[in-house]
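Asker: As you go down the protein sequences, you meet chains A and B in turn. Quick note, the first sequence lines up with residues 75 to 400 if you use the numbering used here. Quick note, the second sequence lines up with residues 1420 to 1958 if you use the numbering used here.
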Amino acid sequence: MHPVLATVLQRLGLGVVTLFFVSLIIFSSIEMLPGDFGEAVLGQAATEETVAAFRRELGLDKPAWLRYVDWIASVAQGDFGTSFSGRASSGVDRSREVIDLVAPRLWNTLFLAAYAAVISVPLALFLGITAALYRNSFYDRFVNAATLTTISTPEFFVAYILILLLASLNPWFPSLANVTADMPLWERIYRTSLPALTLTLVIVAHMMRMTRAAIISLLASPYIEMAKLKGVSASQVILKHALPNAWAPIATVIAFNLAYLVVGVVVVEVVFVYPGIGQLMVDAVTTRDIPVVQACALIFAATYIILNLIADIIGIVTNPRLLHPR
Amino acid sequence: MTTKKKGDVLVEMRDIRIDGFSDERWHQIIKGVDLTLHRGEVMGLIGESGAGKSTLGKAAMGYTQPGCKLVGGTIMFDGIDLVKASEAEKRKLWGSRIAYVAQSAAAAFNPAHRLIDQTVEATVGHHVQSGEEARADAVELYKALQLPSPETIGGRYPHQVSGGQLQRVMTAMAMSPRPDLIIFDEPTTALDVTTQVEVLVAMRNIVEQFNTAAIYITHDLAVVAQMADFIKVLRYGEEVEEAETRKMLSKPEMPYTKSLWAVRSIEKQEDISDDIALEIRNVDAAYGGTVKVLHDVSIRIPRGRTVAVVGESGSGKSTTARVITGLLPPSSGEVLFNGTPLPGALKDRNRDQLRRIQMIYQMADTAMNPRQTVGEIIGRPVEFYLGKRGKAVEERVIELLKLIELDESFIDRLPSELSGGQKQRICIARALAAEPELIICDEVTSALDQIVQEGILKLLLRLQKELGITYLFITHDIATVKAISDEIVVMFQGKVVEQGPKSEILSPPHPDYTELLLSSVPEMDPDWLDGLVGSRAAG
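#1: By a C-beta neighbour count over all protein chains shown, 10 Å radius and 16 as the cutoff for buried, is A1632 of chain B buried or exposed?
#2: Is the CB-CB distance between R85 of chain A and D386 of chain A below 9 angstroms?
#3: According to DSSP, what are the bridge partners of H1446 of chain B?
#4: Check whether the Cβ atoms of T1614 of chain B and G1573 of chain B sit closer than 9 angstroms, and answer yes or no.
#5: Mind checking which residues open and close the beta strand (DSSP E) that includes E1777 of chain B?
#6: From T1421 of chain B to S1939 of chain B, what does the alpha carbon distance come to, in whole angstroms?
#7: Could I get the ranges of all uninterrupted alpha helix (DSSP H) runs contained in the region 1548-1617 of chain B, with 4 residues as the minimum, in chain order?
#8: Are there 16 or more other CB atoms within 10 angstroms of the CB of F95 of chain A, so buried, or fewer, so exposed?
#9: Quick one: is M1782 of chain B near chain A, going by C-beta distance under 9 angstroms?
#10: Starting from H1714 of chain B and walking both ways along the beta strand (DSSP E), at which residues does that stretch end?
#11: Hey, is E1661 of chain B's beta-carbon within less than 9 angstroms of any beta-carbon in chain A?
#12: Whose CA, out of A:W181, A:V366, A:P196, A:V337, lies closest to the CA of G352 of chain A?
#13: What are the complete alpha helix (DSSP H) segments, minimum 4 residues, inside the region 1852-1917 of chain B?
#14: Determine the chain B residues that contact S291 of chain A at a beta-carbon separation under 9 angstroms, and present them in chain order.
#15: Leaving aside the five residues before and after R1700 of chain B along the sequence, list all residues of the same chain whose C-beta is less than 7 angstroms from its C-beta, in chain order.
#16: Hey, quick one: how far does the alpha helix (DSSP H) through E261 of chain A stretch, first residue to last?
#17: For I1699 of chain B, write down the residues that DSSP places opposite it in a beta bridge.
#18: Closer than 8 angstroms is the cut-off here; do at least three beta carbon pairs connect the region 1529-1545 of chain B with the region 1605-1624 of chain B?
#19: Beta strand (DSSP E) containing G1491 of chain B: first to last residue?
#20: Spatial neighbours of V1793 of chain B within its chain, please: CB distance less than 7 angstroms, with the 5 preceding and 5 following residues excluded, ordered by chain position.
#21: Taking all protein chains shown into account, do 16 or more other C-beta atoms lie within 10 angstroms of the C-beta of S1734 of chain B, making it buried, or fewer, making it exposed?
#22: Just the chain A side, please: which residues come within less than 9 angstroms of G1480 of chain B by C-beta, in chain order?
#23: Give me, in chain order, the residues of the same chain whose beta-carbon lies closer than 7 angstroms to that of A308 of chain A; leave out the 5 immediate sequence neighbours on both sides.
#24: Below 8 angstroms on the Cβ atoms is my guess for D1861 of chain B versus Q1781 of chain B; work out the distance and round it to an integer in Å.
#25: Rank B:Q1565, B:G1730, B:D1868 by C-alpha distance to the C-alpha of I1893 of chain B and give the top, closest one.
#26: Determine which residues share a DSSP beta bridge with V1428 of chain B and list them.
#27: Taking 9 angstroms as the threshold (beta carbon to beta carbon), is H76 of chain A in contact with chain B?
#28: Rounded to whole angstroms, what's the CA-CA distance from I137 of chain A to I225 of chain A? Just pull it up for me.
#29: For the region 297-305 of chain A against the region 244-255 of chain A, do three or more pairs of beta-carbon atoms, one drawn from each stretch, fall closer than 8 angstroms, so that the two count as touching?
#30: Should G1656 of chain B and G1471 of chain B be called a contact, given that it needs their Cβ atoms to be closer than 9 angstroms?
#31: Hey, L1566 of chain B and V1588 of chain B: beta-carbon distance below 9 angstroms or not?
#32: Consider the Cβ of Q1540 of chain B: report whether some Cβ of chain A lies at a distance smaller than 9 angstroms.
#33: Within the same chain, show all residues whose beta-carbon is closer than 8 angstroms to that of E1467 of chain B, passing over the 5 residues directly before and after it, in chain order.
#34: In or out: G1514 of chain B buried (at least 16 other Cβ within 10 Å) or exposed?
#35: Given T1590 of chain B, which residues of its chain have a CB within under 7 angstroms of its CB, disregarding the five upstream and five downstream residues?
#36: Which residue from A:W139, A:R209, A:N182 puts its Cα closest to that of D256 of chain A?
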């Protein structure tokens, strides 16, 4: 087996192990949350017997370790369980499968993340590479200052400024991103433009600065001087000689920011009333809807693990020492 | 070396002045040097580091590195004024008519691209040849440079071939566009002597074959004697003298040039003893438990004497030192100090055992904390090992500074305010501060110029005479071995080839490897390389 394949499989295995530990942390931290669903739904007036009966019905009376084992075993089979919400003290059960609640929201979130990524990653790379090429020029300083400004501004504020400029003063885009499942693609893209733009402004600085720094740190290498002394032009020196050796740190930062696009955008979702997974999770926490909270947290953890895994793999395959061993 | 017919003037540099920026101000690096090179000529440019030879060599291409600027003078390359030429015009020359061979091929090749692509990059990029022609030609060059499997070696990445092979690939890369001029910037300094010989032969043959003019930069006189038609000596950015190679070697005129020759003549009277201070017995050692680097190594180090360990890189010299100091516990075998076994691992040794064995490193720069003053650096082991405090420490530090021939004004200086030789002296003082019995010197003079080297070696010899210290001297430089050792250990691929008194090891008959090692050390004789190639071909 090629050693790179072996490394990738090993990382994959480690990812699964990490996810298992994360599930433990998620479960135990939710255990530590004060109050429970029974009390939250039934209210102050409920008698102890009703609460106890309700808890028994939901399986909350079993010891924690047993509930964990039940949960993780069904998750391993792809079953995230049934949501608590929809059940009422009256005994009417309108609860839904967690997967049916989470899946459309996750799809929305991934759509928005992909939209923002398609704009921000190429933009960040382009800005980073050109800033490295014209380092210390006016252009470089301007790009640095501009991206720093957007990253230092709170994201809700960026969102409101964009709404003011692009939806209110110039009514080009809708200020609400209330998409529905049956909406045609172009309509969806149009409606999510402002949130995507907001996210782009928030994450482009980090990636751009890393690209610039990774390239510039290589420019003092002897092989860069050698390339110059071979008569290679300045842009080719950057693109052909520096960039191929800079992918590993750049990929790490991109992975980190893409993960943020999936798990960290609840504020932007709220501002634009976008039905994403972040809002779902926040709602689930307030109502103590434990199966949904657990499912969301696990998805977030998996997102980080998968994206970092991809960054690792990019780091490996762009390193000829690992890809082509002696 | 055959005398070649001089061609037309190719490079003409007049009154070159270059400033460099360091320590917050501009310094003069080159102070008005003239240089003339004809077609097909090889000029040797020698001097200590900091003499400006590399800066001058690059200036001959019209290139000044970042942090330097050309402040005066003219550079004409075949009728083109390189001072006035635009960057684009110079780029057109670089990699087509002027080529550069860098000091460390391992660092100068881009790790991300295959060798063949880098070999032909400039040739194809400047439209000298099509990609196909250039690649076919590169294979021919690989053959001419005697690279193994020339057809396929180009498909490899830089980390997949050895340092000596890389240096030859780089020569092929320089030769690929058939330039009029090649700048060789210390191309063999980073190589082992045995590898250096092969690279020198390959480079000289190919330069002769295509009648290429070259500037060969080095600090090693014996090497330049093999390569150059004439030699220019630089010091402090000024020309000392220039002469035809044979004349320069037989009758150097300036006192400085003579002093360069003199360095090679220190020699210590060998003194044998049977009183063993440290003995390594049948030691095996491995990194990470798998990569075995030492195989059944046994070495005896007599008290108050110097044992030199020689061998090329990868022979296990430094690993042996790591085993002795406890940094790498042996997987089998033992280390006896004054007859009693030392614990294998550093953490199992007591403070007194640690104190008795000290180490001096090759890179004095990285072996000192840049934020500590000389007083703190030397004072630390005085406090740690000898338990002295306050005034007593300072007095001891001043004593130690006197011992290494520096005055007490150095006590408040930072490492960055010292020269390379002074830094190494401070490292010696730090080792002495522990009042050790054995000092392991790991390539301590390799990073230094010959004159500074001589000073350090003399100091070490004097300290041994006065304090009776035992040295284990690790080096790849045979001249240093001759200068300092009583006994010699030859290592090859993690094994001891032989150990014995200097006189025995250095005189024939030798085991095969020792023979190869000794015969590869360049001598100050322009015919040495020809003679060696002849005798090896015959043998």
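Here a beta-carbon is modelled for each residue, glycine too, at the ideal position from N, C-alpha and C.
Answerer: According to the structure data:
#1: Counting from 1 along the second sequence, the entry for residue 1632 of chain B is found at position 213. A buried status is given to A1632 of chain B, since no fewer than 16 other beta-carbon atoms sit within 10 Å of its beta-carbon.
#2: Here residue 85 of chain A is taken as the residue at index 11 of the first sequence, counted from 1. Here residue 386 of chain A is taken as the residue at index 312 of the first sequence, counted from 1. When the beta-carbon positions are compared, R85 of chain A and D386 of chain A come within less than 9 angstroms of each other.
#3: As a position in the second sequence, residue 1446 of chain B is number 27, starting the count at 1. H1446 of chain B pairs with B:G1439.
#4: Translated into the one-based positions of the second sequence, residue 1614 of chain B becomes position 195. Translated into the one-based positions of the second sequence, residue 1573 of chain B becomes position 154. With respect to G1573 of chain B, T1614 of chain B sits apart: the two C-beta atoms are not nearer than 9 angstroms.
#5: If you number the second sequence from 1, residue 1777 of chain B lands on position 358. What sits at residue 1777 of chain B in the sequence shown is Gln, not Glu. For Q1777 of chain B, the enclosing beta strand (DSSP E) stretches over residues 1776-1779.
#6: Your numbering for residue 1421 of chain B matches position 2 in the second sequence. Your numbering for residue 1939 of chain B matches position 520 in the second sequence. Below a pLDDT of 50, predicted positions are generally treated as unreliable, and T1421 of chain B, at 43, falls in that range; the measurement from the model is reported next regardless. Approximately 22 angstroms, taken between the alpha carbons.
#7: Fully enclosed alpha helix (DSSP H) runs of 4 or longer: 1550-1563, 1569-1572, 1582-1594.
#8: Counted from its first residue, the first sequence places residue 95 of chain A at position 21. Exposed, since its Cβ has fewer than 16 Cβ neighbours within 10 Å.
#9: By one-based count along the second sequence, residue 1782 of chain B stands at place 363. Chain A contact via Cβ: absent.
#10: In the second sequence, the residue the question calls residue 1714 of chain B occupies position 295. 1710-1721 is the span of the beta strand (DSSP E), which, as asked, contains H1714 of chain B.
#11: Translated into the one-based positions of the second sequence, residue 1661 of chain B becomes position 242. False, the Cβ-Cβ gap to chain A never drops below 9 angstroms.
#12: As a first step, residue 352 of chain A must be located in the first sequence, where it is residue number 278. It is A:V337.
#13: Listed in chain order, the complete alpha helix (DSSP H) runs (minimum 4 residues) inside the region 1852-1917 of chain B are 1869-1886, 1897-1903.
#14: As a working mapping, residue 291 of chain A is identified with position 217 in the first sequence. Those do not exist, as S291 of chain A stays about 14 angstroms from chain B at its closest Cβ, beyond 9 angstroms.
#15: Against the second sequence, residue 1700 of chain B aligns to sequence position 281. Around R1700 of chain B: S1717, G1752, E1753, L1755.
#16: Counting from one through the first sequence, the residue named residue 261 of chain A turns up at place 187. 259-265 is the span of the alpha helix (DSSP H), which, as asked, contains E261 of chain A.
#17: Here residue 1699 of chain B is taken as the residue at index 280 of the second sequence, counted from 1. According to DSSP, I1699 of chain B bridges with B:I1718, B:V1754.
#18: Result no; under three Cβ-Cβ pairs closer than 8 angstroms.
#19: Numbered from 1 along the second sequence, position 72 holds the residue referred to as residue 1491 of chain B. G1491 of chain B: member of the beta strand (DSSP E) spanning 1487-1496, first to last residue.
#20: To locate residue 1793 of chain B, count along the second sequence from 1; it is residue 374. Apart from sequence neighbours up to five positions away, the residues of its chain that approach V1793 of chain B with a beta-carbon distance below 7 angstroms are F1829, I1830, R1832, I1845, ordered along the chain.
#21: As a first step, residue 1734 of chain B must be located in the second sequence, where it is residue number 315. Label assigned to S1734 of chain B: buried.
#22: One-based indexing of the second sequence puts residue 1480 of chain B at position 61. Before going further, note that residue 1480 of chain B is Met rather than Gly in the sequence given. Simply L303.
#23: The count along the first sequence starts at 1 and reaches residue 308 of chain A at position 234. Only L207 meet the Cβ criterion.
#24: Your numbering for residue 1861 of chain B matches position 442 in the second sequence. Your numbering for residue 1781 of chain B matches position 362 in the second sequence. The beta carbons of D1861 of chain B and Q1781 of chain B sit about 6 angstroms from each other, so the pair counts as a contact at 8 angstroms.
#25: Residue 1893 of chain B sits at position 474 when you count from the first residue of the second sequence. That would be B:G1730, whose Cα lies nearest to the Cα of I1893 of chain B.
#26: Reading the second sequence from its first residue, position 9 is the one you call residue 1428 of chain B. Beta-bridge pairing links V1428 of chain B to B:H1457.
#27: In the first sequence, residue 76 of chain A corresponds to position 2, counting from 1. Taking 9 angstroms as the threshold, the shortest C-beta distance from H76 of chain A to chain B does not fall below it.
#28: Translated into positions along the first sequence, residue 137 of chain A becomes position 63. Translated into positions along the first sequence, residue 225 of chain A becomes position 151. It should be noted that the sequence gives Pro, not Ile, for residue 137 of chain A. In a straight line, the C-alpha of P137 of chain A is about 46 angstroms away from that of I225 of chain A.
#29: They do not touch, by the three-pair rule.
#30: Counting from one through the second sequence, the residue named residue 1656 of chain B turns up at place 237. Counting from one through the second sequence, the residue named residue 1471 of chain B turns up at place 52. Yes.
#31: The residue given as residue 1566 of chain B occupies position 147 in the second sequence. The residue given as residue 1588 of chain B occupies position 169 in the second sequence. Closer than 9 angstroms, so yes.
#32: Counted from its first residue, the second sequence places residue 1540 of chain B at position 121. Here residue 1540 of chain B turns out to be Glu, not Gln, going by the sequence shown. With a threshold of 9 angstroms between beta carbons, E1540 of chain B makes contact with chain A.
#33: Indexing the second sequence from 1 puts residue 1467 of chain B at position 48. Correct list, in chain order: H1638, R1654, D1868, Q1869, I1870, V1871.
#34: Start at 1 with the first residue of the second sequence, and residue 1514 of chain B comes out as number 95. Classification for G1514 of chain B: buried.
#35: For the purposes of this step, residue 1590 of chain B is taken as residue 171 along the second sequence, with counting starting at 1. Closer than 7 angstroms at Cβ, skipping near neighbours: V1520, L1564, A1621, M1622, I1625.
#36: As a position in the first sequence, residue 256 of chain A is number 182, starting the count at 1. The candidate whose alpha carbon is nearest that of D256 of chain A is A:N182.
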